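Numbering (the working numbering), first residue to last: 13 to 161.
All residues carry an ideal CB built from backbone N, CA and C; glycine is no exception.
In this text, all values refer to a predicted model and were calculated from it rather than measured experimentally.
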Ligand code: HEM
């Protein structure tokens with residue numbers, strides 16, 4: 013039975029992805045002149061806040077996870093095994109980069125000279141963050157919390 017923390021970490025991934033897609037959609041609508049920046053900004057902030065919460069849960073998971081403890085017990089074997097190395101190295105690294113990119117993007121977009129520039133910056137940073145997330149999420153694990161692997 014996975015821990016409550018792991019179940020939460022799993023489910024929050026969907027909130028993050030939906031918020032990220034919303035930020036991209038709102039930024040595109042804004043660029044077409046259909047919406048004020050405030051609407052896009054709200055989606056961007058939800059994306060960023062959910063990412064920060066996930067980052068905190070991820071850090072706690074990293075400390076308490078039996079998988080990580082097991083992986084750290086034999087680093088040579090872990091680095092030679094792509095599936096455990098993924099949770100020890102690739103997953104946390106890509107996710108931390110994603111959080112940093114979106115945090116910087118949110119600040120840069122907010123300080124743009126006009127709404128068009130703000131929407132453009134939000135679009136670029138949100139889309140790039142989404143790509144990093146898609147690359148770093150362990151899709152081989154359960155898609156629904158508690159179901160499957
Ligand atoms: C911020 C965006 C992140 C997303 C979207 C994300 C997503 C996920 C998902 C979907 C899983 C699989 C959950 C399951 O099997 O039920 C997972 C596992 C895991 N994540 Fe993340 N994660 C993020 C950040 C992080 C960070 C920053 C760390 C570490 C510092 C981390 C550490 C872990 C660990 C250690 C596991 C495996 C735990 C275990 O199986 O015992 N995650 N993550």
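Where residue i falls: helix, strand or coil (DSSP)
i, result
"residue 26", "helix"
"residue 62", "helix"
"residue 121", "helix"
"residue 48", "coil"
"residue 39", "helix"
"residue 138", "helix"
"residue 144", "helix"
"residue 86", "coil"
"residue 107", "helix"
"residue 158", "coil"
"residue 95", "helix"
"residue 126", "coil"
"residue 150", "coil"
"residue 78", "helix"
Sub-9 Å separation of residue i and residue j beta-carbons
i, j, result
"residue 131", "residue 52", "yes"
"residue 105", "residue 82", "no"
"residue 73", "residue 18", "yes"
"residue 137", "residue 116", "yes"
"residue 14", "residue 150", "no"
"residue 67", "residue 108", "yes"
"residue 57", "residue 118", "yes"
Spatial distance of residue i from residue j (CA atoms)
i, j, result
"residue 70", "residue 21", "7 Å"
"residue 121", "residue 59", "14 Å"
"residue 75", "residue 65", "16 Å"
"residue 85", "residue 102", "18 Å"
"residue 153", "residue 160", "7 Å"
"residue 23", "residue 47", "30 Å"
"residue 79", "residue 28", "24 Å"
"residue 62", "residue 124", "23 Å"
"residue 113", "residue 148", "14 Å"
C-beta neighbour in chain C for residue i, strict 9 Å
i, result
"residue 75", "In the structure shown, chain C does not exist; there is a single protein chain."
*Would you be able to state if there are at least three C-beta pairs under 8 Å between the region 137-146 and the region 22-35?*
yes
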